[in-house]
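Only one structure is covered here, and it is reproduced in the block below.
As structure tokens, then:
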């Protein structure tokens, strides 16, 4: 059954459980992602989103449950996933180009080939001309784009983006969301995005999954039936507001329930 | 050009203070007519030091050599320990108490024994310098490696990086700022360590020179040798900035 289900999905998350000592964090997380689909995960802070990502990315072993990629068991494996952490983590001892090739170099791609592959993406990522710059010379938005470039150039099956724009100022964040929406269409990435920003989730995703408070599981699914490509005018449309309100309501419900259970 | 001028301007207060101190010293020696065996004037230190420059230089060279060899050994030992400790939690638990214990050794008491064990050659001095300086280097490196961000480690792991690759791509370069701080602390100890080791027993070197001049009441020449020692230390300290600029230019602030 699960194998069948896995075959038509890029990614299937099946009953993931994880506890740190006596503290349960993941309480049976189930969801799936279709090829080329963009799924956003939102939830109250501290609910275990990052732990979920660490388990999916193969950085932490689950206590129970499975991760399937293209129908095959990928639990505990890192190679189907390209992971972008919250901070850009561009290293000052490498040029921007060499930061973006890091994943390829680690994977054993010769430096020259790695540079050629990453270099091709500098134009669409708005980084052309900054190949030899140091990360410190880039603006916040450029740094995030470089970090995303480093992630996607690894050519892994699924992108895991952990609050990629969380540290940016509001205006830059909107620019980045618009840019990502534009650039994503051309590449057909399968994306799993963690975010605190509900508007960002609705704007970028095909589906928004709402996680409950810790120990967390998927509490609600909102299908974002807005047409693509999306632009900034969409944010003011009634349907967008409806969807945003729906997700916000579900996150709020989760948080209220969490607060109750602590008393 | 403006950078050099700016640096010079920043040094001005220190230079003024030194000149005032020297002036007071000079005045006191002249006014009190104290014997030069007790306290020579700064001018006498300079002129006598200059007169004996060949002898001082001949003794400075072995000191420099001992410092270089000793500090090289210290660097090798410090790096070896730090890398081993970084890779092996067992070695970390095994070595950390020994590292700290090594710093409680009274070098003053040990140094003469080293000469009994190793003779008057290079070996005992190298051991003294290494003992004095490897600790800040090892600790600086261990802390530098350990300062690596957990998220950075996770990023590398998600790329499929082995422990060695994590070390090579992130932990090692990330430790450079702490390493150079440790290097500066170590190098200032190294020259004094060399002088001390020579003081205990050597055939040549600034330490021996000072000891001999002290015994013949040439206080002025002792102080001239002290001045040369200070100049060597300051130069080596400055050299670390040059090395840092060459090896890890990104690690300097500003």
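Residue numbers (the working numbering), protein chains in the order written: chain A, 1295 to 1557; chain B, 2 to 255. Positions of the beta carbon are idealized from the N, C-alpha and C atoms, including for glycine.
Closer than 9 Å to the CB of residue 1461/A there is not a single CB belonging to chain B.
From the beta-carbon of residue 179/B, no residue of chain A is found nearer than 8 Å; the closest lies around 14 Å away.
Around residue 1383/A, the beta-carbon contacts reaching into chain B at under 8 Å are 150, 152, 153, 156. Within chain B, not a single residue places a beta-carbon under 7 Å from that of residue 1411/A; the smallest gap is close to 14 Å.
Put simply, the CB of residue 244/B is far from chain A, with every gap to its CB atoms at 9 Å or more. Excluding residues up to 5 positions away in sequence, 1372, 1375, 1377, 1454 lie with their Cβ nearer than 8 Å to the Cβ of residue 1351/A in the same chain.
In the three-state DSSP reduction, residue 1378/A falls in the strand class (E or B). When the alpha-carbon of residue 1304/A is set against those of 1364/A, 1407/A, 1342/A, the nearest one is in 1364/A. Here the region 183–194 of chain B makes no contact with the region 9–23 of chain B; the two share fewer than three CB pairs at distances below 8 Å. At a cut-off of 9 Å between C-beta atoms, residue 170/B counts as an interface residue with respect to chain A. Within chain B, the residues 160, 161 have their CB atoms less than 8 Å from the CB of residue 1401/A, given in chain order. Within the region 1346–1373 of chain A, the residues whose Cβ lies closer than 8 Å to any Cβ of chain B are, in chain order, 1348, 1351, 1352, 1353, 1372, 1373. Ranked by Cα distance from residue 1362/A, the first of 1475/A, 1327/A, 1427/A, 1409/A is 1327/A.
When 129/B, 175/B, 57/B are compared, the shortest CA-CA separation from residue 230/B is found for 57/B.
With a minimum length of 4 residues, the unbroken runs of alpha helix (DSSP H) contained wholly in the region 1379–1408 of chain A fall at 1390–1394, 1396–1400. Per DSSP, reduced to three states, the secondary structure at residue 1314/A is strand. Following the DSSP letters along the chain, one finds residue 1488/A inside the beta strand (DSSP E) bounded by residues 1485–1488. Annotation: the continuous alpha helix (DSSP H) that includes residue 1496/A extends over 1492–1498. For residue 138/B against residue 75/B, the beta-carbon gap comes to about 6 Å, under 8 Å, which counts as contact. Put simply, of 1465/A, 1466/A, 1438/A the residue whose alpha carbon is nearest the alpha carbon of residue 1456/A is 1438/A. Annotation: the continuous beta strand (DSSP E) that includes residue 1456/A extends over 1452–1456. Put simply, the CB of residue 1386/A is near chain B, with a gap under 9 Å to one of its CB atoms. In this structure, residue 67/B lies near residue 195/B, with their beta-carbon atoms less than 9 Å apart. Rounded to whole angstroms, the gap between the alpha carbons of residue 105/B and residue 112/B is 14 Å. Relative to residue 234/B, the option among 28/B, 69/B, 223/B, 41/B whose CA is nearest is 69/B.
Comparing alpha carbon positions, the residue from 1528/A, 1379/A, 1542/A closest to residue 1445/A is 1379/A. Less than 9 Å separates the beta-carbon of residue 1395/A from that of residue 1447/A. The beta-bridge partner set that DSSP reports for residue 1360/A consists of 1308/A.
The straight-line gap separating the alpha-carbon atoms of residue 147/B and residue 180/B is approximately 12 Å.
When only Cα atoms are considered, residue 1489/A and residue 91/B end up about 40 Å apart. Residues are counted here when their Cβ sits less than 8 Å from a Cβ of chain A; for the region 29–56 of chain B the count is zero. Beta bridge pairing from DSSP links residue 1515/A with 1503/A.
Membership of residue 171/B in any beta strand (DSSP E) is not indicated, and neither H nor E is assigned to it by DSSP. Residue contact check for residue 1315/A against chain B: no CB pair falls below 9 Å. Contacts with chain A at 9 Å (Cβ-Cβ) do not include residue 63/B. In this structure, residue 1401/A lies near residue 161/B, with their beta-carbon atoms less than 9 Å apart.
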